[in-house]
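Encoded as structure tokens, the structure appears first; notes follow it.
As structure tokens, then:
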């Protein structure tokens, strides 16, 4: 069974940092591409960053140089370090696990990130 739980969201001021964490349960983790997506009010959910089991990363242009995704396969954790946050980063952030091999596309419940002065 796949279970993803995000944590670490909150309200911060522009320019500050936050670290999101996603705890995964299930044996799928080592096989999955893990990702962070976000959805702002009135907008579609969009990719923020992904990381393969081998550590290859991919970022949306809007977060390159500011956000860093990482994973700990032993702990089944995925992290998103977010620096120099901007108001436009405000959204609900979702953890995702995907694997074509396992026919998997699972989502966490989301964590709210709000950037405001």
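Residue numbers (the numbering used here): 1414 to 1530.
No residue lacks a Cβ here, since even glycine has one placed at the ideal position from N, Cα and C.
If you draw a straight line from the Cα of residue 1509 to the Cα of residue 1425, it is about 24 Å long. For residue 1522, there is no enclosing beta strand (DSSP E), since its DSSP letter is neither H nor E. For residue 1460, the enclosing beta strand (DSSP E) begins and ends at 1459 to 1464. Boundaries of the beta strand (DSSP E) harbouring residue 1509: 1504 to 1512, taken from the DSSP string. Listed as beta-bridge partners of residue 1484 by DSSP are 1491.
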